[in-house]
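Those protein sequences? They're chains W and X, same order as listed. Residue numbering for the first sequence is 31 to 307, as defined by the numbering used here. Residue numbering for the second sequence is 2 to 307, as defined by the numbering used here. Right, one structure below, let's go through it.
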Amino acid sequence: MTAATPAASRVPQLEHTGRVTFPRVLLSEWTKFRSVRSTAWTLAVGILLTVLFPVLFATVTSSHWGQMSPQDRANRSPLDIALAGVNVAQLAIAVLGVLVITAEYSTGSIRSTFTAVPKRLPVLWAKLLDYAVVSFVVMVPAVLISFFASQAILSRHDILQVSFTAPGIARCVIGGALYTTMVGIFALALGAIVRNTAGGIAVFAGIFFVLPPLMFTLPQSWNNAISQYLPSDAGRQIFALQHGQHTLTPLAGGLVFAGYCAAAIVVAAYLLHRRDV
Amino acid sequence: MIEASNLTKDYGDKRAVDGLTFTVQPGVVTGFLGPNGSGKSTTMRLILGLDAPKSGDATVNGRHYRDHPAPLHEVGALLEARSVHTGRSAYNHLLALAQTHGIPKRRVNEMIDLVGLHDVAHKRSGQFSLGMGQRLGIAAALIGDPKTVLLDEPVNGLDPEGIHWIRNLLKGLAADGKTVFVSSHLMSEMALTADHLIVIGRGKLIADTSVEDFVAHASQKVVLVRSPDLARLQETLAGPGVSFETAERGALEVLGLTPEQVGDAAAAAGIALHELTPQQASLEEAFMHLTKDELEFGAQLEEVVA
Ligand SMILES: Nc1ncnc2c1ncn2[C@@H]1O[C@H](COP(=O)(O)OP(=O)(O)OP(=O)(O)O)[C@@H](O)[C@H]1O
Ligand SMILES: [Mg+2]
């Protein structure tokens with residue numbers, strides 16, 4: 031890299047005088063979001079996982095169909111195949127959600143950010159809104175491709191064909207995108223609370239991947255009563271077609287998960303406002 | 002204008018800033034001096050509302066920084082710690098700052114040219130050298146054409162040409178009627194750049210004085226003495242606000258006393274003197290002396306200056 035070129039010594043005047051407004055903060059956060067490499071990479075990984083898993087799952091199912099027992103065949107659901115990638119892709123979306131805020135702390139850019147917007151909270155709202163819109167806009171096509179691609183691969187097996195317009199199917203497919211978007215929001219709020227990338231990802235993984243299996247160490251009746259209210263189990267109902275005795279309805283599950291997101295955001299906002307940078 | 006009143010900040014048990022009261026006036030360059038860990042950077046973060054004070058208050062142009070509707074037009078700040086995402090280019094960093102206030106893109110390019118980062122504006126800032134990072138920080142501070150400029154050790158990492166440039170830049174800003182508040186621990190640098198000085202030590206105010214008075218006072222009170230009995234002389238002269246520096250063999254530099262005071266004290270104690278010469282203390286020496294036993298000498302300086 032070359033050394034800096036000679037600098038002028040008189041600061042030019044600026045005619046413009048504008049104040050900080052929410053749309054401006056939103057645009058600024060968008061510029062920040064799109065101008066680091068991790069954004070594109072992580073979103074690409076998210077899309078890839080969402081699509082790749084159903085395609086593999088469908089291909090294997092289709093090629094082994096002849097050898098599968100009736101029991102195995104009955105356990106194959108076309109919707110499970112189409113949304114097989116969501117559970118994996120959510121990790122990529124969560125990591126990026128955490129990074130959107132923690133990278134500001136690890137690099138120190140949060141100080142610039144809060145010098146420009148010292149009221150601080152608009153920054154949090156803008157990050158949440160920018161990221162929610164982006165992850166939804168990216169995930170909707172990803173789940174649609176997963177659905178139609180896996181259906182195309184399974185076209186020889188009439189029993190594994192479902193219509194997008196059949197009851198609950200469109201809700202589940204789009205629900206997969208909605209769920210990952212909410213995961214991203216939840217993770218971003220966690221990142222704002224923890225202010226550390228590794229810590230934020232660890233807390234997220236703890237809640238979504240460690241807590242649910244831990245529930246199985248509880249007595250069965252407790253597990254049945256509690257598990258359905260975990261963020262992961264409640265949230266998953268948004269894109270689940272069938273609902274058992276110990277799971278919430280899609281609406282109730284979605285609302286419970288939204289409640290967790292709201293609670294995390296409230297805590298994040300409180301701490302962001304109160305703490306030293 | 003920056004006003005701090007009784008500003009106090011604790012980090013755990015450690016008191017970083019201790020009851021600071023001062024005013025930084027527009028139209029002059031005010032140097033903010035103190036040894037390492039004396040609380041300069043903390044004070045600047047308190048002024049910007051990045052940290053909250055335990056007690057006391059800091060305002061910029063009459064308001065808390067947080068309450069300004071257009072903060073970047075009020076204050077431009079260069080902080081000590083890096084404040085740029087290493088993966089983002091200088092251009093995008095400045096653009097994102099500008100966008101919060103609706104400042105046009107033209108200004109971003111203007112600032113990049115001003116600090117001489119034209120050739121590297123689109124490179125990831127993580128690859129920047131210390132001095133280039135510093136230039137980017139200065140561009141960020143000036144992007145809103147602020148009325149008040151707050152720079153924490155701006156010369157850090159700059160080459161001689163860069164130091165010369167920032168000196169002129171600061172003087173130009175002050176000449177334009179802006180409030181310029183610059184921290185440093187180099188007294189000699191401040192003597193060249195600043196008109197006024199605020200000196201702190203261990204979080205407390207030691208001196209609030211013009212550079213002229215500081216320099217005049219500093220040069221008054223250094224005396225080189227030579228004596229066969231230096232040890233006893235040193236004992237006799239010791240007192241609040243007095244410090245010593247060993248010169249060559251058999252000689253001693255006494256800071257904080259006039260030649261008359263030294264000579265009379267030696268005569269009273271019956272100590273022979275072989276030399277008694279008033280000296281020009283370097284500004285660095287005067288500053289070190291001032292901050293060595295802050296409080297006593299602080300009071301003394303204020304008396305002298307007042
Ligand atoms: N975030 C923090 N947490 C804990 N202690 C801190 C923090 N910031 C500063 N301190 C402590 O407060 C004191 C003042 O530090 P500060 O950085 O303000 O000094 P300074 O005058 O800027 O020093 P330097 O000349 O080295 O930059 C130091 O003892 C430092 O250890
Ligand atoms: Mg400092």
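From the three backbone atoms N, C-alpha and C, an ideal C-beta is built for every residue, glycine too.
CB contact check: residue i to chain X, cutoff 8 Å
i                 : result
Thr145 of chain W : yes
Leu44 of chain W  : yes
Val307 of chain W : yes
Thr47 of chain W  : yes
Ser58 of chain W  : yes
Thr32 of chain W  : Note on Thr32 of chain W: pLDDT 47, under 50, position unreliable in the model; the coordinate value appears next. At least one chain X Cβ lies under 8 Å of Thr32 of chain W.
Pro148 of chain W : yes
Thr132 of chain W : no
Val41 of chain W  : yes
Thr61 of chain W  : yes
Leu129 of chain W : no
Gly221 of chain W : no
Gly214 of chain W : no
Residue i, buried or exposed, once every other Cβ within 10 Å from all chains shown has been counted against 16
i                 : result
Gln97 of chain W  : exposed
Asn7 of chain X   : exposed
Thr247 of chain W : exposed
His74 of chain X  : buried
Ala307 of chain X : Its pLDDT being 38, under 50, Ala307 of chain X is placed unreliably by the model, and the measurement read from it follows with that caveat. Label assigned to Ala307 of chain X: exposed.
Phe298 of chain X : In this prediction, Phe298 of chain X has a pLDDT of 43, which is less than 50 and means its spatial position is unreliable; what the coordinates show is noted afterwards. Result: buried.
Phe308 of chain X : Past the boundaries of the shown model lies residue 308 of chain X; chain X is included only from 2 to 307, so the question cannot be answered.
Ile113 of chain X : buried
His94 of chain X  : buried
Glu190 of chain X : buried
Thr89 of chain W  : exposed
Gln267 of chain W : buried
Interface partners of residue i on chain X, CB under 9 Å
i                 : result
Arg141 of chain W : Arg46, Leu49, Leu51, Ala78, Leu80, Ala82, Arg83, Ser84
Alpha carbon of residue i to alpha carbon of residue j, nearest angstrom
i                 : j                 : result
Ala133 of chain W : Leu271 of chain W : 37 Å
Gly230 of chain W : Met212 of chain W : 16 Å
Ile131 of chain W : Val118 of chain W : 22 Å
Leu187 of chain X : Arg168 of chain X : 13 Å
Met2 of chain X   : Ala219 of chain W : 37 Å
Ala217 of chain W : Val128 of chain W : 5 Å
Ile207 of chain X : Leu171 of chain X : 24 Å
Asn37 of chain X  : Ser139 of chain W : 24 Å
Gly205 of chain W : Arg141 of chain W : 37 Å
Lys205 of chain X : His65 of chain X  : 22 Å
Val212 of chain X : Glu59 of chain W  : 43 Å
Phe238 of chain W : Pro261 of chain W : 7 Å
Ser176 of chain W : His86 of chain X  : 35 Å
Ser165 of chain W : Leu113 of chain W : 16 Å
His197 of chain X : Asp209 of chain X : 8 Å
Leu302 of chain W : Ser99 of chain W  : 56 Å
Gly271 of chain X : Val263 of chain X : 12 Å
Asp58 of chain X  : Ala17 of chain X  : 15 Å
Ala97 of chain X  : Ala217 of chain X : 47 Å
Thr227 of chain W : Ala200 of chain W : 35 Å
Ser39 of chain W  : Asp146 of chain X : 14 Å
Asp230 of chain X : Leu284 of chain X : 29 Å
Contact with chain W by residue i, beta-carbon distance below 8 Å
i                 : result
Pro105 of chain X : yes
Gly173 of chain X : yes
Pro72 of chain X  : yes
Arg64 of chain X  : no
Leu8 of chain X   : no
Tyr145 of chain X : Going by the sequence as given, residue 145 of chain X is Gly instead of Tyr. Gly145 of chain X counts as touching chain W.
Asn157 of chain X : no
Ala122 of chain X : no
Leu277 of chain X : no
Leu198 of chain X : no
Ala307 of chain X : Confidence at Ala307 of chain X is low in this model, with a pLDDT of 38, below 50, so its placement is unreliable and the value that follows should be read with caution. No, its Cβ sits nowhere closer than 8 Å to a Cβ of chain W.
Per-residue contacts from residue i into chain W (C-beta, under 8 Å)
i                 : result
Ala208 of chain X : Within chain W, no residue comes near Ala208 of chain X; the closest Cβ sits about 28 Å away, beyond 8 Å.
Ala141 of chain X : Ser142
Closer than 7 Å at the beta carbon, the chain X residues around residue i
i                : result
Arg67 of chain W : Gly88
Val55 of chain W : Thr101
Minimum Cβ-Cβ distance from residue i to chain C less than 8 Å
i                 : result
Lys157 of chain W : Protein chains in the displayed structure are W and X, and chain C is not among them.
Contact list for residue i against chain W, beta-carbon separation under 9 Å
i                 : result
Arg108 of chain X : Pro42, Leu44, His46
Glu4 of chain X   : Result: empty, since nearest Cβ-Cβ is about 17 Å, beyond 9 Å.
**Message:** Runs of 4 residues minimum, wholly inside the stretch 148-188 of chain X: which ones carry the alpha helix (DSSP H) assignment?
**Reply:** 161-176
**Within the stretch 78-107 of chain W, ranges of the alpha helix (DSSP H) (whole runs, at least 4 residues)** = 100-105
**Chain-ordered residues, beta carbon under 6 Å from a heavy atom of ligand 4** = Looking at this structure, you won't find ligand 4 anywhere; what it does contain is ligand 1 and ligand 2.
**Request:** Return the chain-ordered ranges of every beta strand (DSSP E) run that is complete within the stretch 172-253 of chain W and spans a minimum of 3 residues.
**Result:** none
**Item:** Inside the stretch 53-83 of chain X only - beta strand (DSSP E) runs reaching at least 3 residues
**Value:** Runs of the beta strand (DSSP E) inside the stretch 53-83 of chain X: 56-61, 76-79.
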